[in-house]
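First up is the structure itself, then whatever we jot down about it.
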């Protein structure tokens, strides 16, 4: 409804009412104007109507929706199924060109506009979250990114035919921290020219702390080696974004990679690659953009754009603050639960998201049950009858045979079955192959960590109500399992 | 995206691409412009994107969506549930004011605009269907309308505290036609001043023909009595719209009422009340509009508007033509089926939608089965043992006891159970009370019609494929039922 | 995904994961089970997914969506436009049969089920809101209802060809209250047998109080006259529902009519007609159901059902409580504003929703401006030059000519222009024809109310933030207008 | 609505109607059962209701929607914005695990099920299209795939740090065909052990023919070198799928990569990687699946699944057949247009999708215009006045200065401006750098092709109406441009 159409409408409905309606439409167009001018999150989040208006206009600016368009190419944004078209808001052309995923797509002015806005808003959202002085970031429609700039680092590195060199963490109290000196030695041993990049990690499971990205950045600057920060879900923690910003200011950082779903509560599938602003400092981001072969899905861009418009600056800041508060709340509640269970929360101040709780008591119960089962099995092998076999079977937590020892990791499965997801239970002493490399205690960050433990994260979107329910289920499940294993241990004993 | 915003967008994406996108947006706005200027169906139907653009703009012109609006009244178009808001495209204020359902609603410029457009397009659609020279029609958000202008006439008339006088139809061959002379006598007997209105009907089930609306219109003109045409689903038949148009030109017609769902394939719930154009001729339509108490739902308006935009003139004309063709096709296919079954299609050229087929053979089979059952029951009552009771039970078509006679109307239920809906099976000889009046052979149009029969309609939206499937199921069900009843008749005989 | 399909799915995805997924589906089906068993609001509101699951299942139980169905009738729930079908969740058949709007529709088992559930939930929602001991209410798809049971009473009564007798209210302090004695006299004067019904009103604009429905109910019981309560938006106020309940217990109440949009925050278009439970006490509700001609739209049922499921008992009770709280908040804020402006809030404790504020000061300013304008006009007429004409013109508030006096009602338009809707400004001394009856001071409830005043309502869905913004705009607009009119008065004086 | 709930519903609505509704629900569940059992396209396409039912059930089987679930991890499928959740049908967890994109995701049984179904259906769709004997294909949520298996081959290869060796095509008549001998020489020169893979292409722009994949497959088998077929949009052409099938049967093929958007009319963003069935033959597909780092978006899977269900076997086969027919139609129409313009269609029987038309006449006109402009410029430089400058300017096709020669590629821009997209105009003699390699005549397939030409594709989804409009616009634009350039040439001449 432009001015002409409003004037025509005023011959159907009183001009004064139409004029008010027109003013309301203009108010929404001014919101769009502000967005296009500022390329920042709006102060207040937009309502759904305004977001849909923007998406609709954009979709109608793409050639696949042009009235009267005929397409004689092999890729014309045709969509066979109306339901699919609606799921994509009629945006079908994707983004980028074969030469550059960040390039505009000539057949799709609207999609290109949305993609650019998404990148600008992502940059602004990073800034609000504390990542200062960044160049315009690159949004990638994959959780993976390209080449060596990836988040699940080992997989990504080997996919690029590089050889990963792992520098083990150091234990300090409960904490696992970066061995900066070890890194330096490793680089010098290989020769800086032979090192594609040093990859550090900020967000990770407790008891690991964030890597000391400032120290590593200084080291990389000194050695002349690229430095990539895997900031997977670190945007949500103010201490991590502050550390990354400091690293960029005081040392060398070539790229900072983060996941969109973990940091911005969108469906899985996108990542944001940032780099410090400054002449040439985003060379790697540029290279990734130009190295991404082919046109790509714009879903990740769309999801992020819509979410950031929905939040606005106020909403995004509030969500971030709520997460900071939640970390404190989870710490307290988990500490109380641990105290009740005779366990304790690991002291990991360097990890602002994930918390660990020891499971020593539970592990002891498991060990007792296993010992009793072994004894019973030995007795059985020595000639005992069928009754003891049944007893031995009863000792198994997961319902397995007497051969299978119970394991404290069963506690994780138990929580999952009770609708608690996302916790991890780790007990060191397992080997696993990842990308062809054998890790002792994979997932434990280091070999031989002195406690079995469980982690829980205060992640974006978790609520206090979630924590309350979690703690109740946690305590109940722990006690049930402990009783069960103690009983198993006792029963075996009684059989003697 | 107005010109200002397009210019801003051109700093994000190449101006030439933005310019093309802007041209496409402008092309769609021109479609809206044409609609607002012409107030007629667009030549070609609109695509969904353009329809949604119009609805969205309208919704944003209603005060319940105004950014910054505060409402301190009791009716502010607030919608609690987002899903409900979406189902209504955020249009919540309804239409009309307490004084007039056709009036604009000050709080809802957008809704008012859509409601006006709906009325104009309804008028145009009636015109295309053959109802010429009509005033702007009134859309009502009820299948009922108000006062005496209603479609299910008896109910409506008694709801308005009027006493209906029924003038029986005359049988001519298979046909049942208007007794114009009888009408005249009835009006004169009561005195024209005591007659609220003569109500005629165009669309109805065979074997009834359309009332002779031209003759009645002339009669009403002569007698000075209002004449209301119940044109329930007559918009879809060119011969009916032609007759109504002729009645308006040559006699008195005060209102023509039609259902939106039956004529325009929208969900149940609306009606269109038309009247001939000309000074004062739409007095009754105006009175109904002003007599409709309270604001009302705009759903019926919206459904009709969207459907007519979806069709456009071309689509609507095609749908009408397909129905005309389908009538011929159904006639042929039904005649072939009837021949195969020893029945015949009733000759009802005055009904262009509904067709009747005799069920004489089936009724004969039912009668034979019933006679045999009666005989068996008599024998049983006279002292026969349990075996004959079982036999008597077997004679019942619907699985009932020997007391219940089988009935040819069971054939209708049988078709329904085989996923054929909309057919009616009628056999005269039943009484029914409707609105306090006792009708012999209700549904049969007249008492004592000489055949039991089944009707099927060639209604808007029925396809040739529907007819093909229908005829197969019809023949199969008929034969099965005939065999069953014949067998029942035979079995009883054998028991003797 | 029934058990069979889940088992098949378990050959694609691990059985344990499928099993958890199946458990989640079963949990949702149990919610539906609870709804079908209890026919009450669920304790907690349902999420959108569960609501959509119910609607989808229902839609697929209607014959218009049956796979393989062929329709040979004229009303088969066909929907031409996919967008329209989606707006209705594919529910197209409407509700009721021609004989009874509350009857089930054979072609639409799903729609019928939803309609029944809507009625049951509406009854439960009324109960939660304080309307105790009611029979199953009737939902009507019109804001009007039928016959004499309507909300905008005068219109409705005359539409049914009845003659309304108005018993004027009595003024008590600021309050306007029911003249019970006057009602008794009116009924006795006409003879109880000649009175179709006494209609009382609970919810209304201040300074009118709710009618004394208990006293009137006792009176009607004594006189043997039907009593209909127009409880238009009274469901939201606990004191009103308590009064209605008491009236039902202690006297005669035949029907209680309320609007769905005003009480349940759904789009305009439905009403709920309740009656006390007890043998025969809902005769009028039954009569209305059976008197509603034709099948009808199910949109109003659907909107109400979805909204009540969305709220659940907890949500609905919270919304009601928030409104009660808001009334207190609005009273306080409005009193502060009035004090600031030299006005006062009318004392109307009998109206728990609407509040009035005097506009005496503003009216005085208007009077002064008008007097000055009259004087100037007289002087001009007596030979004054063009300069005074301009001055006279400047006195007009609305920009009119010197002939048009300014009027305190302009204040209402001013608020509307500043995005405040729903307030009413009333100044007694105007006549208006409504339904052919001339009212002095229509809208003022009685003639000659001693103050001009403005009303504002604490209606369901209004927020404290709304009130805060409202009060700021109110004070600002008042002061501006007062200054303007005072200046106009002063300027005229200066011209002398 | 399972059996329990249907039984409860039967206490609200007549059991017989509920029973019919339940039967309809069961009929739809049987469709799902068939899908889960057969893992093939349904014979007839599903309606939207059935598709949505499947998606809804799946979404409710993912842990992010579980009622009562609490998530204490960093990736729990939380979605902040309701609009985003709806765009994804509430499916938020993505697919795969960090170790394998084709693995099931434990937190998302529903998404995993859909992803598996998508892969199976993709395999069936390939089979229907003629790709016989394939293993279960891998769907990738990127248009790029990983490693060397990519479609825009050069980019992809260099992204993987490999060095591409290009074997030039051979010209045969108008055709450009595979130089199989050249390939063999290249591989032998490098040594087979040093060749990562031979990459062939089936679908491409005319005048290039599909590579002789059978011959290359035999060669690779003989040499022991992997062979990857870039079948970008070749699924849609029966001759190409037949050739690929033959190549797999008679030689070595390790992977066949195709785009989803080009072959299945879904939005840009996915690819299907197939390999012949047989022990170990899909090693590369498995490796790609396991090498894809991180969880990934499921949008591409969802789009493809929904589209294939929408089509069913019948719909998909029809779409394929229509494309085959369209190729013939486009050939004819283009030949007629060419004849009219003095051009001809290139004879490229080895390319079943793309057609080329010479632009010799247009190039001649351009050359004449340029020559005239040069002459004029030379004259101007030699001292001519201002009038000739204007004339020189007039010679420029694109409105550029006299320095810029007109170019036949301008014809492509002209078509685009007239709403014809997808055509390409090529004239050899340009150099371009792609991925660091300099190509003479990039886009021309070989250097020095003897004609400038235009291509147009008979791609999936193109209609006869598109072709009709295209040919009209083509002829008109050609003639306009020819006239313009001839005039420019003539005017210059006249100036002499």
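Protein chains in written order, with this note's numbering: chain Z, 21 to 516; chain F, 21 to 516; chain P, 21 to 516; chain A, 21 to 516. Cβ coordinates follow ideal geometry from the N, Cα and C atoms, glycine included. All figures in this text were calculated on a predicted structure; none of them were measured in a lab.
> Comparing the CB of residue 397 of chain P with every heavy atom of the ligand GDP, is any distance shorter than 8 Å?
Replying inline: Among the components of this structure there are no ligands whatsoever, and the ligand GDP is therefore not found.
>> Short of 7 Å in beta carbon distance, which residues of its chain neighbour residue 287 of chain F, apart from the five on each side in sequence? Order them along the chain.
In response: 281, 323.
> Should the segment 217-235 of chain P be regarded as contacting the segment 361-373 of chain P, the criterion being three or more beta carbon pairs within less than 8 Å?
Replying inline: Pairwise C-beta distances place the segment 217-235 of chain P in contact with the segment 361-373 of chain P, as three or more of them are shorter than 8 Å.
> Distance, Cα to Cα, residue 4 of chain Z vs residue 36 of chain P?
Replying inline: What the structure shows of chain Z is the stretch from 21 to 516, and residue 4 of chain Z is not part of that stretch, so it cannot be assessed.
> Smallest Cα separation from residue 475 of chain P: which of P/319, P/75, P/442?
Replying inline: Checked all of P/319, P/75, P/442; the closest Cα to residue 475 of chain P is P/442.
> First and last residue of the beta strand (DSSP E) that includes residue 250 of chain Z?
Replying inline: First-last of the beta strand (DSSP E) with residue 250 of chain Z: 247-250.
> Is DSSP giving residue 428 of chain A helix, strand or coil here?
Replying inline: Under the three-state reduction of DSSP output, residue 428 of chain A falls in the coil class, being neither helix nor strand.
> Per DSSP, residue 473 of chain F is paired with what?
Replying inline: DSSP output for residue 473 of chain F lists F/378, F/446 as bridge partner(s).
> Of all the options Z/363, Z/78, Z/432, Z/146, which has the alpha carbon lying nearest to the alpha carbon of residue 256 of chain Z?
Replying inline: For residue 256 of chain Z, the closest C-alpha among the options Z/363, Z/78, Z/432, Z/146 is that of Z/146.
>> So, for residue 383 of chain F: in the same chain, excluding its five sequence neighbours on each side, which residues have a beta-carbon less than 6 Å away from its beta-carbon?
In response: Answer for residue 383 of chain F: 428, 472, listed in chain order.
> Cβ of residue 51 of chain P less than 9 Å from any chain A Cβ?
Replying inline: It does: the Cβ of residue 51 of chain P has a partner Cβ on chain A nearer than 9 Å.
> Which chain P residues are close to residue 102 of chain Z, counting only those with a beta carbon under 8 Å from its beta carbon?
Replying inline: Listed along the chain, the chain P residues whose CB falls inside 8 Å of the CB of residue 102 of chain Z are 102.
>> Need the endpoints of the alpha helix (DSSP H) that residue 236 of chain A sits in, please.
In response: Segment 233-243, the alpha helix (DSSP H) holding residue 236 of chain A.
> What residues from chain F crowd round residue 107 of chain Z, counting only those whose CB sits closer than 9 Å?
Replying inline: Under a criterion of Cβ atoms nearer than 9 Å, no residue of chain F is adjacent to residue 107 of chain Z; the nearest Cβ is some 14 Å distant.
> Considering only C-alpha positions, which residue in the set A/501, A/376, A/347, A/269 is nearest to residue 435 of chain A?
Replying inline: The shortest Cα separation from residue 435 of chain A among A/501, A/376, A/347, A/269 belongs to A/501.
>> What residue range does the alpha helix (DSSP H) around residue 61 of chain Z cover?
In response: It is not in any alpha helix (DSSP H) - residue 61 of chain Z carries neither H nor E in the DSSP assignment.
>> My assumption, with CB atoms under 8 Å, is that residue 293 of chain P sits in contact with residue 308 of chain P. Please give the rounded CB distance.
In response: The C-beta distance from residue 293 of chain P to residue 308 of chain P rounds to 6 Å, short enough to fall under 8 Å.
> With a CB to CB cut of under 7 Å and the five nearest residues on each side skipped, what residues in its chain are close to residue 38 of chain A?
Replying inline: 26, 29, 30, listed in sequence order.
> Which residues in chain Z sit within 8 Å of residue 537 of chain F, going by Cβ to Cβ distance?
Replying inline: Lying outside 21 to 516, the shown extent of chain F, residue 537 of chain F is not represented and no answer is given.
> Rounded to a whole number of angstroms, what is the C-alpha to C-alpha distance between residue 18 of chain P and residue 489 of chain P?
Replying inline: With chain P covering 21 to 516 only, the question about residue 18 of chain P has no answer from this structure.
>> Quick check on this structure: which residue in A/251, A/259, A/271 has the alpha carbon closest to the alpha carbon of residue 283 of chain A?
In response: Measuring C-alpha to C-alpha distances from residue 283 of chain A to each of A/251, A/259, A/271 identifies A/251 as the nearest.
> Taking just the CA atoms, how far does residue 61 of chain Z sit from residue 331 of chain Z?
Replying inline: Cα to Cα, residue 331 of chain Z sits roughly 8 Å from residue 61 of chain Z.
> Hey, does residue 63 of chain P have any beta-carbon neighbour from chain Z nearer than 9 Å?
Replying inline: No, residue 63 of chain P does not count as interfacial toward chain Z.
>> Using beta carbons (cut-off 9 Å, strictly below), is residue 228 of chain A in contact with chain Z?
In response: Not a single CB atom of chain Z sits nearer than 9 Å to the CB of residue 228 of chain A.
> Between the segment 65-76 of chain P and chain A, which residues of the former have a C-beta closer than 9 Å to a C-beta of the latter?
Replying inline: Within the segment 65-76 of chain P, the residues whose Cβ lies closer than 9 Å to some Cβ of chain A are 67, 68, 69, 70, 72, 73, 74, 76, listed in chain order.
>> Contact defined as beta carbons within less than 8 Å: I believe residue 267 of chain Z pairs with residue 295 of chain Z. What is the distance between those atoms, to the nearest angstrom?
In response: The Cβ separation is near 12 Å, so there is no contact.
> For residue 80 of chain Z, which residues in chain F fall below 7 Å Cβ to Cβ?
Replying inline: Identification of chain F residues near residue 80 of chain Z by a Cβ-Cβ cut-off of 7 Å yields 44, 45, 48, 69, ordered along the chain.
> By Cβ distance below 7 Å, which residues in the same chain neighbour residue 357 of chain F in space, the five residues on each side in sequence not counted?
Replying inline: So the qualifying residues of the chain are 491, 494, 495.
> Would a C-beta distance cut-off of 9 Å place residue 486 of chain Z and residue 92 of chain A closer than the cut-off?
Replying inline: A contact, by the Cβ cut-off of 9 Å.
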